[in-house]
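Residue numbering for the sequence shown is 40 to 206, as defined by my numbering. Just so you know, even glycine gets a beta-carbon here, dropped at the ideal spot from N, CA and C.
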Amino acid sequence: MLASLFTATFNDAASVSTAAIALCTTHDHLSAKYVSPNGAGGWFYFLIAFTNSGATSCTLSGVPRAQPVQGPGETPIGPAAAYQPTDGVSRKAVVLHAHGGKIYVEYYVINEGNFSNSRCEPAAADGVELRPSGLGDFYVPIRRRGATEVCRRLASTRVGALSSRTY
Numbered sequence: 040m041l042a043s044l045f046t047a048t049f050n051d052a053a054s055v056s057t058a059a060i061a062l063c064t065t066h067d068h069l070s071a072k073y074v075s076p077n078g079a080g081g082w083f084y085f086l087i088a089f090t091n092s093g094a095t096s097c098t099l100s101g102v103p104r105a106q107p108v109q110g111p112g113e114t115p116i117g118p119a120a121a122y123q124p125t126d127g128v129s130r131k132a133v134v135l136h137a138h139g140g141k142i143y144v145e146y147y148v149i150n151e152g153n154f155s156n157s158r159c160e161p162a163a164a165d166g167v168e169l170r171p172s173g174l175g176d177f178y179v180p181i182r183r184r185g186a187t188e189v190c191r192r193l194a195s196t197r198v199g200a201l202s203s204r205t206y
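Shown next as structure tokens:
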């Protein structure tokens, strides 16, 4: 398992029960933004924050689809990301608090140099489309020199569980 490289920070109300809070059903007040990169051992990590600017808290239960994309038309490149477990993070609903609350997800790209060109068929990705459970797509531009080449022929991206903290 991958050890995450981000410093822990905690959301003040992270312990609030999700049972009494409705699922997020629209992304009118939600946004997704690339926060920071990191990398080690043949992987690049991109921390992405979802922010709720609305007046009502809601819950998200995961990001079952993360697709690397290229260009202004957001053309999919290769297979969608597979789930990447992270120590200490479970795949459960997470509260996205109103008025600026944030939750996080890590998006991973395996260095295409780990594969032969013929097996990988690398291409540059300009970003990732994230589709949290119950919502439409969020396009997040991701640029880091040397870290956005993905494989067209095999899955070379992963996505973690949503969390109210970073790692």
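Delimiting residues of the alpha helix (DSSP H) encompassing residue i
i: Asn91; result: First-last for Asn91: Trp82 to Asn91, but that is the beta strand (DSSP E), not the alpha helix (DSSP H).
i: Thr182; result: The sequence given here places Arg at residue 182; Thr does not occur at that position. Unbroken run through Arg182: none, as it is neither H nor E.
i: Arg158; result: Asn156 to Cys159
First through last residue of the beta strand (DSSP E) which encompasses residue i
i: Cys190; result: Glu188 to Cys190
i: Gln106; result: Arg104 to Gln109
i: Lys141; result: Gly140 to Ile149
i: Glu113; result: No beta strand (DSSP E) contains Glu113, which DSSP labels as neither H nor E.
Residues that residue i bridges to, as DSSP identifies them
i: Thr64; result: For Thr64, which the question treats as bridged, DSSP gives no partner whatsoever.
i: Thr98; result: Leu62 and Val134
Nearest neighbour of residue i, chosen from the options [CA to CA]
i: Ser157; options: Ser203, Ala132, Lys141 and Arg192; result: Arg192
i: Glu164; options: Val74, Val189, Ala120 and Phe154; result: What sits at residue 164 in the sequence shown is Ala, not Glu. Cα-wise, what sits closest to Ala164 is Val189.
i: Gln6; options: Ala132, His66, Lys141 and Val148; result: What is shown of the chain runs 40 to 206, which leaves residue 6 out entirely.
Cβ-Cβ separation, residue j to residue i (assumed contact under 8 Å), whole Å
i: Gly101; j: Ser172; result: 5 Å
i: Glu113; j: Tyr178; result: 6 Å
6 Å CB neighbourhood of residue i in its chain, flanking five on each side removed
i: Gln109; result: Ile116, Ala164 and Asp165
i: Thr95; result: Ala137
Proximal residues to residue i (C-beta, below 7 Å), its chain only, five neighbours per side dropped
i: Ala121; result: Ala194 and Arg197
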